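Below you'll find the structure, written out as structure tokens, and then a few comments.
Numbering (our numbering), first residue to last: 1 to 122.
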């Protein structure tokens, strides 16, 4: 949910928006963090072919992107730190989503195909 959607929901419900519950917007972050998000999004994703699990980003392109966007050498360490933090959050979030889907599928499979017979005498 983004900030605009949150504000519309609060308006429809007649509630005062709570800043502590309001979703963060890209502009809420310092410029270095915004650039780190941008750079992170440019990296290609790495997925496990067999299980379909998200494994994170392919970091081989990182130095090329730093050079391409003229990121100074002294800023690269900080930028890389924010990029790795963001990646960790994404990997954990996607793992939780996969686990929810797996459990839902497991529950569905446990109840599927069960037939109940009753003794009916005529």
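All C-beta atoms in this analysis are idealised placements derived from N, C-alpha and C, irrespective of residue type, glycine included. Computed from a prediction, not measured in an experiment: that's the story for all the values here.
In the DSSP assignment, residue 41 falls within the unbroken alpha helix (DSSP H) covering 31-42. Following the DSSP letters along the chain, one finds residue 86 inside the alpha helix (DSSP H) bounded by residues 73-111. For residue 25, the closest C-alpha among the options 1, 79, 91, 104 is that of 1.
The C-beta distance from residue 35 to residue 79 rounds to 6 Å, short enough to fall under 8 Å.
As DSSP reads the structure, residue 57 sits in a beta bridge with 45.
Distance between residue 45 and residue 61, taken at the CA atoms: about 11 Å.
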